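Scroll down for the structure; my scribbles are underneath it.
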Amino acid sequence: NNNDLTKDEL
Amino acid sequence: MNIFRLAGDMTHLASVLVLLLKIHTIKSCAGVSLKTQELYAIVFATRYLDIFTSFYSIYNTLMKLIFLGSSFSIVWYMRYHKTVRRTYDREQDTFRHWFLVLPCLLLALLIHEKFTFLEVLWTFSLYLEAVAILPQLVLLQRTRNIDNLTGQYVFLLGGYRGFYILNWIYRYLTEPHFVHWITWIAGLVQTLLYADFFYYYFQSWKNNKKLQLPA
Chain A
361 NNNDLTKDEL
Chain B
1174 MNIFRLAGDM THLASVLVLL LKIHTIKSCA GVSLKTQELY AIVFATRYLD IFTSFYSIYN
1234 TLMKLIFLGS SFSIVWYMRY HKTVRRTYDR EQDTFRHWFL VLPCLLLALL IHEKFTFLEV
1294 LWTFSLYLEA VAILPQLVLL QRTRNIDNLT GQYVFLLGGY RGFYILNWIY RYLTEPHFVH
1354 WITWIAGLVQ TLLYADFFYY YFQSWKNNKK LQLPA
C-alpha cells in the first residue's frame, strides 16, 4: 500500500 | 502518532459525537447549520476515498469510518428524521454553501501536490474543510444566543484544528522532509476562522454569561 506519509493523518 | 495529533483526533471525535448525541437525544437540531454538516460530509467523502486503497492502521481506518458514519448520520437526521427535521431553522441557515464548493474545487485543480484524481479530491477536501464552518458561524451570529451544545461543537471543532497545528510543528521538527504547505496553510486558515468565535466563547465563559456574538 502506498504509505506516503502525508495521508496517514485524518 | 504524537500526543498533539491524538488530542486533535479525540477532540474532533468529541465534536461530532456531542452533536450527534444532542440531535439523537433531544430530537432537535435547533441552532445547527445543515449546510455546514453537508459540507463536512463532502469533506470526509472526498478525503477518505483512499480507505479502500491504502491501509495505515486499524485506528486510522476505524476513525475514518466513524467520521464518515457520524457526518452522514447527522445530515440524514436533519434532512429526513420526521421530528428532527421540523426543528431545523431553514430560514436562518441560508448561507449559499455551494459557492464554497466550486472555488475549493477550482483551487484544488490549480494547487495540489500531485495531479491525480485522489490527490486533487483530497486537496479539495482540505480547502473545503477550512471554510466548512462558515455557514454555522453565520447561523450562530443570526440566532444570536448559542445553546451550549452548539457552542461546544464549534469550540471542539476549532480545538481539533488547533491541536493539529501543534502536531504539524512537532512533525516538522522531528521528521525530516515532513513539509506539507497545502495542509498547513489550509489548516491555519481554518483555525483563524475560529479565532473570533473563541474570543467571544471565552468572554462569555469568563463573565459567566450567555454567549452573545456581535451582530
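Chains as they are written, first to last, in the working numbering: chain A, 361 to 370; chain B, 1174 to 1388.
We treat Cβ as the ideally placed atom computed from N, Cα and C, and that holds for glycine.
Bear in mind the structure is a predicted one, so any value in this text is a computation, not a measurement.
- Shown here for residue 1193 of chain B: same chain residues with a beta carbon closer than 7 Å to its own, the five before and five after excluded, namely 1243, 1246 and 1247 in chain order.
- Using a Cβ distance threshold of 7 Å, residue 1265 of chain B and residue 1312 of chain B count as a contacting pair.
- For residue 1351 of chain B, there is no enclosing alpha helix (DSSP H), as DSSP marks it with neither H nor E.
- Rounded to the nearest whole angstrom, the CA to CA distance from residue 1218 of chain B to residue 1382 of chain B is 38 Å.
- Non-local C-beta neighbours of residue 1303 of chain B in its own chain, meaning closer than 6 Å and more than five positions away in sequence, comprise 1359, 1362 and 1363, ordered along the chain.
- Chain A places no beta carbon closer than 7 Å to that of residue 1183 of chain B, leaving this residue out of the contacts.
- The secondary-structure analysis by DSSP pairs residue 1309 of chain B with nothing; it has no beta-bridge partner.
- A check of alpha carbon separations from residue 1323 of chain B across B:1204, B:1283, B:1299 and B:1183 identifies B:1204 as the nearest.
- Residue contact with chain A for residue 1229 of chain B: present (Cβ-Cβ distance below 7 Å to some residue of chain A).
- Between the alpha carbons of residue 1315 of chain B and residue 1226 of chain B lies a distance of about 43 Å.
- Taking 8 Å as the upper bound for CB-CB distance, residue 1188 of chain B and residue 1366 of chain B are not in contact here, some 15 Å apart.
- Nearest to residue 1272 of chain B by C-alpha distance, out of B:1300, B:1384, B:1178 and B:1351, is B:1300.
- The three-state secondary structure of residue 369 of chain A, taken from DSSP, is coil.
- Taking 8 Å as the upper bound for CB-CB distance, residue 1206 of chain B and residue 1308 of chain B are in contact here, some 4 Å apart.
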